[in-house]
Amino acid sequence: QITLKESGPTVVKPTQTLTLTCTFSGFSLSTTTVGVGWIRQPPGQALEWLALIYWDGAKRYGPSLKSRLTITKDTSKNQVVLTMTNMDPVDTATYYCVHTSDSIRGAFDPWGQGILVTVSS
Amino acid sequence: DIQMTQSPSSLSASVGDRVTITCRASQSISTFLNWYQQKPGKAPKLLIYAASSLQSWVPSRFKGSGSGTDFSLTISSLQPEDFATYYCLQSFNTPPWTFGQGTKVEMK
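Chain order of the listed sequences is A and B. Residue 78 in this note's numbering sits at position 81 of the first sequence; the count goes up by one each step and never skips. Residue 23 in this note's numbering sits at position 36 of the second sequence; the count goes up by one each step and never skips.
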């Protein structure tokens, strides 16, 4: 059974850097085709795809936030870390990490429970 | 980047109704289209991948269709547990990928 769980601060101040960790089980990020991604959802709004890292270390970012995002993996710890710089109140959202496989492109399954991050001074 | 236009943004329907949600891509995406279902306060769940393949947990009243630029999600007979928000996601080529704006299916 694959599970993922997001962790990190639930409140950050404007201009700070957000660091979120996705800790997963039930799969290895060293297995061919496997990937872990991040998706966010502002309160009452739509989903936004943020970033993805694959088993081979390839990284992909959404264009609107690309300059502020970094995604890394620690295969030995079964963790993926997303950092987002220069946080702003508009970045207030629930952040989800997801499992995916390149063999079924775009199929994010399952999702973590999500973590609500509020940006406020 | 590929844009996804999803419609309607919301709809009201009754149990037993037939419901159709559409997504239109700004360019051809073949069948690289996935549908997600999200219930209030919960993470989304993958419903349909590759335009028409149902996840194992999805009842047969759900149907995904389309290719190229036009796609649809149809619920043949709406059930109480189907009231939710539905999102499409295009996954053509390498990321970035884009979600539609969502369709909230509400009880009439």
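Using N, Cα and C, we set each Cβ at its ideal position, and we do this for glycine too. Being a predicted model, the structure only gives us computed values, none of them experimental.
Item	Value
Those residues which DSSP pairs with Leu60 (chain B) across a bridge	B:Ile8 and B:Gly51
Collapsed DSSP secondary structure at Lys29 (chain B) in the structure displayed	coil
Exposure of Thr115 (chain A), with buried meaning 16 or more beta-carbon neighbours within 10 Å	exposed
Thr18 (chain B), DSSP secondary structure in three states	coil
Stretch pair the stretch -11 to 2 of chain B + the stretch 4 to 22 of chain A: three plus CB contacts closer than 8 Å	no
Arg65 (chain A) - partner residues in DSSP beta bridges	Answer by DSSP bridge pairing: none, since Arg65 (chain A) is not bridged.
Span of the beta strand (DSSP E) around Gln76 (chain A)	Gln76 to Met81
Separation of Gln13 (chain A) from Leu26 (chain A), as counted between CA atoms	29 Å
Extent of the continuous beta strand (DSSP E) to which Glu68 (chain B) belongs	Where Glu68 (chain B) is concerned, there is no enclosing beta strand (DSSP E), given that its DSSP letter is neither H nor E.
Stretch-stretch touch, CB-based, cutoff 8 Å, three pairs: the stretch 61 to 75 of chain B with the stretch 97 to 114 of chain A	no
Cutoff 8 Å: Arg37 (chain A) Cβ touching any chain B Cβ	no
Test: Trp84 (chain B) CB closer than 8 Å to a CB of chain A	yes
Cβ pair count under 8 Å reaching 3, the stretch 40 to 48 of chain A against the stretch 4 to 22 of chain B	no
Chain A contact residues for Tyr36 (chain B), given Cβ-Cβ distances below 9 Å	Ile101, Arg102, Gly103, Ala104 and Asp106
Residue environment, Gly23 (chain A), which counts as buried when at least 16 other CB atoms sit within 10 Å	exposed
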